Amino acid sequence: MGKQAMGLYAKNYSKRLDKNGYVLCSPMRPFVETRMMNVMNLHEMPFGYNAIVAIGIYSGYNQEDSVILNKAALDRGLFRSLYYTIYKDEEHRNVASGKEEKFAKPRR
1273 MGKQAMGLYA
1283 KNYSKRLDKN
1293 GYVLCSPMRP
1303 FVETRMMNVM
1313 NLHEMPFGYN
1323 AIVAIGIYSG
1333 YNQEDSVILN
1343 KAALDRGLFR
1353 SLYYTIYKDE
1363 EHRNVASGKE
1373 EKFAKPRR
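Dropping the structure here:
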């Protein structure tokens, strides 16, 4: 699968039968909007996070090889996403034994 932007790719994503897809759990509306975003009503479907980042030197690492995140922000759900996929299977009958396969809720 190629790279896909996160966010809501369709308003009815939970009812669609797409093969797979990624959805952000709590996307935010951008701080700044363009005129074209207002014309296309893109504010109805937010598509990202408003993350405040700072790039600086910390203990000898630079911006190419270090990422420091706030654990509290991650615990609250920053960058949390869902992955949707579809699985398909069919019930079969074993001709030799005469037994049928059935889908059922597993017992605990």
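All residue numbers for the sequence shown refer to the numbering used here, where the first residue is 1273 and numbers rise by one.
Even glycine gets a Cβ: it sits at the ideal position worked out from N, Cα and C.
Since this is a predicted model, take the numbers as computed values, not measurements.
Measuring only the C-alpha atoms, how far is Glu1373 from Glu1362? 9 Å
Between Met1273 and Ala1282, what straight-line distance do the alpha-carbon atoms span, to the nearest angstrom? For Met1273, the predicted model reports a pLDDT of 47, less than 50, meaning its position is unreliable and no value from the coordinates is stated.
Where Gly1320 and Val1295 are concerned, what is the direct C-alpha to C-alpha distance, given to the nearest angstrom? 10 Å
Which same chain residues, not among the five before or five after Asn1292, have their C-beta less than 8 Å away from its C-beta? Met1273, Tyr1355, Tyr1356, Thr1357, Ile1358
Member of Asn1366, Val1304, Pro1299, Lys1287 whose CA lies at the smallest distance from the CA of Arg1352: Pro1299
State the Cα-Cα distance for the pair Thr1306 and Arg1379, rounded to the nearest angstrom. 54 Å
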